[in-house]
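Contents: one structure, followed by commentary.
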Amino acid sequence: MNEPDVVLTDYALGLECVFFALWLLAYGQADHPLRLWFIIFFVSIGLAAFMGGTVHGYFANEGTPGHTLLWVTTLIAVGVTALSAWAIGAQLYFSEAIAAWITRGAVIVFGLYCFVVLFVTRDFLVAIIHYLPATIFLLIVYVLVYQQAQETAVLSGLLGLILTFIAAGVQQAQLSFHPVYLSYNALYHVLQVVALFLIYWSARWFVIVSRGI
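Shown next as structure tokens:
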């Protein structure tokens, strides 16, 4: 196994997301419009984590078919995460009609993104360009919702989103506690584990607690 710290933290992140998705599936209100999108959000992040960890650990050679398949799957999963972020933000704050238009637009952009990934370039910069606006949009929506609701769980989600930006900054700056046991990619995953728990706590409030369960 190459980069065991990266692989194991990636897999831990993936397992966490699977648990969150299953919990929302089991206990969220079936008719809640946010339930499905939050499930998609966590499943897509979990899939990207599993695929990314497998690439780092076992398919580092970019010339192999296994690397290509896993990397493309990872990029598509990141695109799905961005799509779900647009849909969640739209339904959290906007009217049903406006939310529908925002979601349709996000679906179109996602389709274009998939075309670029499959036929133009597989540079991770494309994924960042696609994902960043969706994350910023969701962050702004959480700020607006928290201003209205003043609910601790909403603040939790807001802090989780802020932490995702901090984690990305740590990764880009290549900050680490140890070059082998906790490299900058592994540290990024650890911070993401915490960030996603905070986001899940808000999702739980939206689709479970606030609906009377």
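Count along the sequence shown from 1, add 304, and you get the number used in the working numbering. The beta-carbon is built from N, C-alpha and C at its ideal position, and this holds for glycine as well.
What are the boundary residues of the alpha helix (DSSP H) that residue i is part of?
i    : result
Q475 : T456 to A477
V359 : P337 to Y362
V421 : E400 to F423
E320 : P308 to Y331
A431 : F428 to A453
I392 : P369 to Y397
What residues match up with residue i in a beta bridge as DSSP calls it?
i    : result
L486 : H482
If residue i sits next to residue j, beta carbons under 8 angstroms apart, how far is it from one beta carbon to the other, in whole angstroms?
i    : j    : result
G350 : V322 : 5 angstroms
V310 : H360 : 5 angstroms
L491 : S480 : 6 angstroms
H262 : D314 : Since the displayed the chain opens at 305 and closes at 517, residue 262 lies outside it and no answer follows.
V497 : E320 : 6 angstroms
L442 : G393 : 4 angstroms
L338 : V511 : 5 angstroms
Is the stretch 402-414 in contact with the stretch 453-470, if contact means three or more CB pairs nearer than 8 angstroms?
no
Cβ pair count under 8 angstroms reaching 3, the stretch 352-359 against the stretch 369-378
yes
Would you check if there are 3 or more beta carbon pairs closer than 8 angstroms linking the stretch 364-371 to the stretch 386-398?
no
The stretch 438-454 touching the stretch 389-406, judged by at least three CB pairs closer than 8 angstroms:
yes
For the stretch 470-481 against the stretch 337-355, are there 3 or more C-beta pairs whose distance is under 8 angstroms?
As far as the Cβ criterion goes, the stretch 470-481 does not touch the stretch 337-355, which means the pair count is below three.
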